[in-house]
Amino acid sequence: MKTIDGGVTAPQGFKAASCAANIKYENREDMALIYSEDVCKVAGTFTRNVVKAAPVIWDRNIVNNNIGVQAIVVNSGIANACTGDEGISMCIKTAQAASSALHIPYEGVLVASTGVIGMQIPMDKIKNGINDMVPKLSYDNDAAHGAAQAIMTTDTIPKEAAVSVEIGGKEVVIGGMSKGSGMIHPNMCTMLAFVSSDVNISEEMLKKALSIVVEDTYNMISVDGDTSTNDTCLLLANGRAGNDIIDSEGPDFDAFTEALFEVNRTLAKMMAGDGEGANALFEVKVVGADNVANAKTLAKSVVTSSLTKAAIYGHDANWGRILCALGYAGVDFDPENVDLYFESKAGKLQIVSKGVSTGYSEEEATKILSEDAVTAICDMHMGDAKATAWGCDLTHEYVSINADYRS
0 MKTIDGGVTA
10 PQGFKAASCA
20 ANIKYENRED
30 MALIYSEDVC
40 KVAGTFTRNV
50 VKAAPVIWDR
60 NIVNNNIGVQ
70 AIVVNSGIAN
80 ACTGDEGISM
90 CIKTAQAASS
100 ALHIPYEGVL
110 VASTGVIGMQ
120 IPMDKIKNGI
130 NDMVPKLSYD
140 NDAAHGAAQA
150 IMTTDTIPKE
160 AAVSVEIGGK
170 EVVIGGMSKG
180 SGMIHPNMCT
190 MLAFVSSDVN
200 ISEEMLKKAL
210 SIVVEDTYNM
220 ISVDGDTSTN
230 DTCLLLANGR
240 AGNDIIDSEG
250 PDFDAFTEAL
260 FEVNRTLAKM
270 MAGDGEGANA
280 LFEVKVVGAD
290 NVANAKTLAK
300 SVVTSSLTKA
310 AIYGHDANWG
320 RILCALGYAG
330 VDFDPENVDL
340 YFESKAGKLQ
350 IVSKGVSTGY
360 SEEEATKILS
370 EDAVTAICDM
380 HMGDAKATAW
390 GCDLTHEYVS
400 INADYRS
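Mapping of the sequence shown onto numbering that gives the first Met the number 0: residues 0 to 406, in sequence order.
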């Protein structure tokens, strides 16, 4: 497996485009279109929030009914959530507009939205946007990059990743883009992720691969503890690579799943590090746990702790907050057998040994915590299980962004 340049257009047969439809934002692109020349198998995972946006309902029906897909239409600025029957009607009309412009069945058009909850999307702008984008569809990296930029809301950077891997003697490529900066919390966190591949794989195995990968990528990130109404991850596979079909578990399935994991882990970490107002990516590694489930629970507890996140922002090695967050996670462990470390590009420092301070240098700790990516390592000394969660520091800017979000 190797990392390559590009995003959703990296696999064979996939095109992308973007445009400024002025749905909510002005003077910036706010619509994206992803298109496959071949009908795709599709897998998806969606928000576990009981309040689900109209696009989530529309897309989930397509995924659950194994309907072949060729296009995804995405808008930013307005979420099309809590919009009643009109919201569902908007999804249908959007799919029909794309169907007409692309000459494909409307049932094969997925729809996604992100932005402010409760506002209705102006359909005339969506139609104009689709008609603007279709002639601009392109295979090149610039088109993929433009699409990644167009789906941003409070994000500060576009998020893209792509890898290639040899499967059955054929080069298989996986590319993706995502957005997410606020309302990010484990359990399909407002995040959107769109992943494309030219792998030849059955619907069942595609869904299985995505379900495996999501658990250790998107479900292990948190920015602010809020699970959105719109969270969606969609994975399309058009079979262009020409490998023998992956229709069961085995070496080919494992190779594809590993590559899929790499793309989605990269996108997930980029979202965590780009949390609203964030100055630093905060990574929590739990090692030496008694089982994986407990390792995940402990890692999530630390990465979601507001007090710990604030300490990371202040470059303060307040390890008591980490030990406290481990303690209320609901996992039984011996606090007098825990070791804690901080690590970054500036070095690695043990701050706790068997539940008490090592007498570490505060100056050295502050230096380590002043980098733009910081890791806390929690060694539980209970077994061999481990897990990693990603989040960010909690800053004054987070409050400012969300206090003004609707204006």
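Ideal Cβ positions, reconstructed from N, Cα and C, are used throughout, including at glycine.
Skipping 5 residues on each side, what residues in its chain have a beta carbon closer than 6 angstroms to that of residue i?
i	result
V73	A31, A111 and I150
S196	P10, I173 and A236
G145	S17
A328	T296, L297 and S300
A267	T216, Y217 and I220
K178	I150, M151, D154 and L191
W389	I220, K268, A271 and E282
Under the assumption that residue i contacts residue j (Cβ atoms under 8 angstroms), give the Cβ distance between them as a whole number of angstroms.
i	j	result
L306	F341	The pair is not a contact, with the Cβ atoms about 16 angstroms apart (cut-off 8 angstroms).
N130	A100	6 angstroms
A288	A294	4 angstroms
G128	A20	3 angstroms
V7	A143	5 angstroms
F260	V302	That pair is no contact at about 19 angstroms.
Using the Cα positions of residue i and residue j, report the straight-line distance between them to the nearest angstrom.
i	j	result
E370	F332	31 angstroms
I125	I33	15 angstroms
D392	K23	29 angstroms
L191	I200	23 angstroms
T256	E362	42 angstroms
L234	E248	18 angstroms
K14	E203	25 angstroms
T365	G326	24 angstroms
G117	I56	16 angstroms
D253	I245	10 angstroms
V198	Q349	44 angstroms
V313	V355	Note on identity: in this sequence residue 313 is Gly, with Val being the wrong assignment. Distance between the alpha carbons of G313 and V355 is about 22 angstroms.
For residue i, name the three-state secondary structure that DSSP assigns.
i	result
E248	coil
D29	coil
C188	Reliability fails at C188, whose pLDDT of 43 lies under 50, so the model's placement of it is uncertain and the value that follows must be treated cautiously. Three-state result, C188: coil.
D378	strand
L393	coil
Y217	helix
S210	helix
S360	coil
D37	strand
T46	coil
A254	helix
S201	coil
V7	coil
S17	strand
T231	strand
S369	coil
K51	coil
Going by beta carbon distance, what residues of the same chain come within less than 8 angstroms of residue i, once the five residues before and after it are set aside?
i	result
N290	G382 and A384
E106	I61, I66 and A94
P121	I22
Beta-carbon within less than 7 angstroms of residue i's beta-carbon, same chain only, minus the 5 sequence neighbours each way: which residues are those?
i	result
I311	A279, F281, L368, V373 and D392
C39	G67, V68, Q69, L235, A236 and N237
Continuous alpha helix (DSSP H) assignments of at least 4 residues falling wholly in the stretch 272-316: Here the runs fully enclosed are 291-302 and 305-312.
3-residue-minimum beta strand (DSSP E) runs that sit fully inside the stretch 136-176, ordered along the chain: If we require 3 residues or more, the beta strand (DSSP E) runs fully inside the stretch 136-176 come out as 158-166.
Ordered list of beta strand (DSSP E) runs contained in the stretch 65-145, each at least 3 residues: Counting only runs of 3 or more, we get 68-77 and 108-115.
Every unbroken beta strand (DSSP E) within the stretch 311-357, with a cutoff of 3 residues, ordered by chain: Along the stretch 311-357, the beta strand (DSSP E) occurs as fully enclosed runs of 3 or more residues at 338-343 and 346-352, listed in sequence order.
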